[in-house]
Amino acid sequence: MSDVPGSALAEKAPARTDGRFGHAMLKVEGLKRYFDVSAPWLNRVLEKQPKQILKAVDGIDFEIARGETFGLVGESGCGKSTVARLIVGLYGPTDGSITLEGNNIAGLSRKEMAPMRRRLQMIFQDPYASLNPRWRVRDIIAEPIRAFNLTSGNTETAERVAELLTFVGLNPRDGEKFPHEFSGGQRQRISIARALASKPEFLVCDEPTSALDVSVQAQILNLMKDLQREFALTYLFISHNLAVVYHISDRVGVMYLGKLVEVAPSKTLFTTPRHPYTRMLLDTIPDLDMTGRERMPVGGEVPNPITPPPGCAFHPRCPFANDRCKSEAPQPIAVDGGGLVACHGVEEGRVPQGPILATPAKPDGLAASVHE
Amino acid sequence: MADQVDKSQGIVSAPVPKSGFLDMMRRFFDSDVWHSFKSSPITIFAGVITLIYFILAIFGPWIAPHDPFDLAGLSLMDSLLPPAWMEYGEARFPLGTDDQGRDLLSAIIYGSRVSLFIGFASVILAMVMGIALGLISGFVGGAVDAFIMRAAEIQLSFPSILIALLINGIIIGYFKTHPEWQVDQVTLAYFVLVLSIGLSNWVQYARTVRGSTLVERNKEYVQAAHVIGIHPIMIMWRHILPNVLGPVLVIATIQLALAIITEATLSFLGVGVPPTEPSLGTLIRVGNDYLFSGEWWITIFPGAALAILVLAVNLLGDWLRDALNPKLR
Chain A
585 MSDVPGSALA EKAPARTDGR FGHAMLKVEG LKRYFDVSAP WLNRVLEKQP
635 KQILKAVDGI DFEIARGETF GLVGESGCGK STVARLIVGL YGPTDGSITL
685 EGNNIAGLSR KEMAPMRRRL QMIFQDPYAS LNPRWRVRDI IAEPIRAFNL
735 TSGNTETAER VAELLTFVGL NPRDGEKFPH EFSGGQRQRI SIARALASKP
785 EFLVCDEPTS ALDVSVQAQI LNLMKDLQRE FALTYLFISH NLAVVYHISD
835 RVGVMYLGKL VEVAPSKTLF TTPRHPYTRM LLDTIPDLDM TGRERMPVGG
885 EVPNPITPPP GCAFHPRCPF ANDRCKSEAP QPIAVDGGGL VACHGVEEGR
935 VPQGPILATP AKPDGLAASV HE
Chain B
3 MADQVDKSQG IVSAPVPKSG FLDMMRRFFD SDVWHSFKSS PITIFAGVIT
53 LIYFILAIFG PWIAPHDPFD LAGLSLMDSL LPPAWMEYGE ARFPLGTDDQ
103 GRDLLSAIIY GSRVSLFIGF ASVILAMVMG IALGLISGFV GGAVDAFIMR
153 AAEIQLSFPS ILIALLINGI IIGYFKTHPE WQVDQVTLAY FVLVLSIGLS
203 NWVQYARTVR GSTLVERNKE YVQAAHVIGI HPIMIMWRHI LPNVLGPVLV
253 IATIQLALAI ITEATLSFLG VGVPPTEPSL GTLIRVGNDY LFSGEWWITI
303 FPGAALAILV LAVNLLGDWL RDALNPKLR
């Protein structure tokens, strides 16, 4: 892994899409989103507390090609959902740009965003909260159609709703029902039908399967794959479930504490993970083959994002961290296999390849607990 | 529900019914709400009672055996007569008479009229105001929220009867100093009562609605509407409002009773309706003085009339809350 040229060190190359897909549809550059989580103004003045800034997303770059599925994984609180909300415009970014087909959509007002919205929709995590309980399913699905004036009248809208319900594997008659009459998986199908109603090109999927039963997850994933093929959709697929991401993604980005630590084609990432964090994450996938291999699960907790560790944010939990990791933030560098890794250890070649064994001495006591 | 967005008219599909009163009625009797009404005997009972009150209130002058406001028709010889079935009772006065010789049954019918009007009007005023302010407060948040809620808390720290008295005083004083406004005293009294009771009761609605709005606005269905690009006012109106109305209807039915009682108190204090046009509350107050001297009917009958009315409205409110909740259907 030491074959990385040193000149690539300072280069902040965005994660290039691999050759199978066309030009970049969505391009995210230097995206940042900070939240002010300080106490109220009066308390701060009286108790002399400093302002507290939570860096939910702290400068990430990636590209998604047309027709591609880009997976985003990471532990809870690493900022993946914030990325999703930034892209669809639910949050405005603190800094950075988001371009959809060459149009910058970062921080636009509701009116300015209007022409782009039809092409950009979102599927939410919780199918029990993402459908208005007082609306009939047909009205829920028809909402984007009516908002964008896509049909010429009630009859056409009703036909379109019936068509959408069929696409997602439901009966057109289900439109008369209310959301609570459906199971979680069926509700997620309704949610997908609503997202498809405006004929979007890009779908942001924020953990669309994590609230579902395992048996239903596969159905929804296959449905999403089928729809992608049929309508040439591009997905940003966010999940903490690595198996799900592997199943659906073409390329995967691994987030840690608001930053991308590794981006690689799905196959490469799962066969030869480079970053120590990725490798430890992969070790958390239950092993049905029962190889009895020694594992090195990620120890410790995600540090508080309000006061992230200096240098590489992962260093308190990393078995390979040295002094450089504690002081200098690593920049993404290109590695063979088409990926990008932000790790001093990989760059210097001091992180060995192959599975990480649960033996190396811990540089400090923080990540001391090695289970198994 | 969401049909108003559709701009094009004239396309009539088979199941979409034509407009028209008969058709509207047909659709109402087909609806789930009517079905749930039909299948609950206690609700039908409450509905019938409420309907009777409304009919009595609207057609009172044609139904009541006497006109209690016609001073020429009163005779002190008839005062304090017991109900017709008791000793000394007279068939002319089925529920007896009060201290002025007024027929109690007629007075109750006319009193229900006043009480119902002031109760409903002030509850609607308070409800509209409270829901609007609560929705804005919860949805917009920030300084707007802080301002509305501090105002609500200040108002809440005074008894509502004091607020009503204050508003009452201001309005009456205004009309006294502006004699160019030619207003009828009775109309003014009604107007002032509705305004003062309404304005003193909006806080409950606002706080309830704000609390529910805070919960609803962070739910994913609201975010989905944002992603579609629905205007925030439409999100408030079509997504959040239907989901926060449940508790409001229950408060409204309780507040109706409170409004009627507040009106009675104000009337007793001399700032409400004139004693020549007694409301149910005034009748109860007046009757109170005679309770211990044996003339129980003067207060018991208006009191029972008020209690039955409030109970029926409450039951209807409970049913309406459940009927409008699709999860319970």
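Here the protein sequences come in this chain order: A and B.
Note that this note's numbering has the first sequence beginning at 585, numbered continuously upward.
Note that this note's numbering has the second sequence beginning at 3, numbered continuously upward.
Don't be surprised by glycine CBs; every beta carbon is placed ideally from N, CA and C.
Could you pull the start and end residues of the beta strand (DSSP E) that residue i belongs to?
i: A:I707; result: 704-707
i: A:F786; result: 786-790
i: A:K632; result: Note, A:K632: premise wrong, no beta strand (DSSP E); not H, not E.
i: A:M808; result: Note, A:M808: premise wrong, no beta strand (DSSP E); alpha helix (DSSP H) at 798-815.
i: B:T215; result: Note, B:T215: premise wrong, no beta strand (DSSP E); alpha helix (DSSP H) at 204-219.
i: A:I613; result: Checking the sequence, you will find Glu at residue 613 of chain A rather than Ile. Segment 608-620, the beta strand (DSSP E) holding A:E613.
i: A:F654; result: 653-657
i: A:Y840; result: 835-840
i: A:Y819; result: 818-822
i: A:F646; result: 637-649
i: A:G680; result: 679-684
Quick check on residue i - is its C-beta less than 7 Å from some C-beta in chain B?
i: A:A913; result: no
i: A:P756; result: no
i: A:R863; result: no
i: A:F708; result: yes
i: A:L638; result: no
i: A:N716; result: yes
i: A:P624; result: no
i: A:A746; result: no
i: A:P784; result: no
i: A:F762; result: yes
i: A:A731; result: yes
i: A:A905; result: no
i: A:P916; result: no
i: A:A713; result: yes
Just to confirm the assignment, what range does the alpha helix (DSSP H) spanning residue i have?
i: A:P849; result: From DSSP, A:P849 is part of no alpha helix (DSSP H) but of the beta strand (DSSP E) over 843-849.
i: A:R863; result: 860-866
i: A:T856; result: Where A:T856 is concerned, there is no enclosing alpha helix (DSSP H), given that its DSSP letter is neither H nor E.
i: B:V146; result: 144-158
i: B:A314; result: 299-325
i: B:V246; result: 243-270
i: B:K40; result: 34-40
i: B:I232; result: Run containing B:I232: none; DSSP gives neither H nor E here.
i: B:S162; result: 162-179
i: B:W64; result: 43-65
i: B:E89; result: Premise fails: B:E89 is in no alpha helix (DSSP H) and is neither H nor E.
If we cut at 7 Å on Cβ distances, does residue i have a partner in chain A?
i: B:G248; result: no
i: B:Q206; result: no
i: B:E222; result: yes
i: B:Q225; result: yes
i: B:H37; result: no
i: B:P328; result: yes
i: B:H228; result: yes
Does the distance between the C-beta of residue i and the nearest non-hydrogen atom of the ligand ZN fall short of 6 Å?
i: B:A259; result: Ligands are entirely absent from the displayed structure, and the ligand ZN is therefore not among its contents.
Count Cβ pairs between the region 707-718 of chain A and the region 223-240 of chain B that sit closer than 8 Å; are there 3 or more? yes
Does the region 804-812 of chain A touch the region 825-837 of chain A, meaning 3 or more C-beta pairs lie closer than 8 Å? yes
Where the region 137-160 of chain B meets chain A: residues whose CB sits under 7 Å from a CB there: none
When Cβ atoms are compared, which residues of the region 664-677 of chain A fall closer than 9 Å to chain B? R669, V672, G673, L674
Within the chosen definition, does the region 292-299 of chain B reach the region 138-154 of chain B through at least 3 CB pairs nearer than 8 Å? no
Check whether the region 775-786 of chain A touches the region 699-712 of chain A, counting contact only when three or more Cβ pairs, one atom from each stretch, lie closer than 8 Å. yes
Below 8 Å, can you find three or more Cβ-Cβ pairs linking the region 182-201 of chain B to the region 273-284 of chain B? yes
Which ranges does the beta strand (DSSP E) cover as unbroken runs of at least 3 residues, wholly within the region 887-946 of chain A, from first to last along the chain? 917-919, 923-925
Count the CB pairs spanning the region 162-171 of chain B and the region 240-257 of chain B that are closer than 8 Å, and state whether there are at least three. no
Going along the chain, which residues of the region 230-259 of chain B sit with their C-beta nearer than 7 Å to a C-beta in chain A? I230, G231, I232, H241, P244, N245
Between the region 834-846 of chain A and the region 660-676 of chain A, can you find at least three pairs of beta-carbon atoms closer than 8 Å? yes
Mind checking the region 676-702 of chain A against chain B and listing, in chain order, the residues whose C-beta falls within less than 8 Å of any C-beta there? R694, M697, A698, R701
Closer than 8 Å, Cβ to any Cβ of chain D: which residues of the region 791-810 of chain A, in chain order? You won't find chain D in this structure, because its protein chains are A and B.
The region 778-795 of chain A / the region 619-627 of chain A touching (three or more Cβ pairs under 8 Å): no
To test your reading of the DSSP string, which unbroken alpha helix (DSSP H) runs of 4 or more residues are found completely within the region 705-751 of chain A? 721-731, 738-751
Per the contact definition of three or more C-beta pairs closer than 8 Å, is the region 94-103 of chain B in contact with the region 68-86 of chain B? yes
Short of 7 Å Cβ to Cβ, which residues in the region 885-899 of chain A face chain B? none
Okay, do the region 815-825 of chain A and the region 846-862 of chain A touch, 3+ Cβ pairs below 8 Å being the bar? no
The region 643-651 of chain A touching the region 747-755 of chain A, judged by at least three CB pairs closer than 8 Å: no
Given 8 Å as the limit, is there contact between the region 89-97 of chain B and the region 246-256 of chain B, that is, 3 or more CB pairs closer than that? no
If we count Cβ pairs, one from each stretch, closer than 8 Å, do we get three or more for the region 112-121 of chain B versus the region 192-206 of chain B? yes
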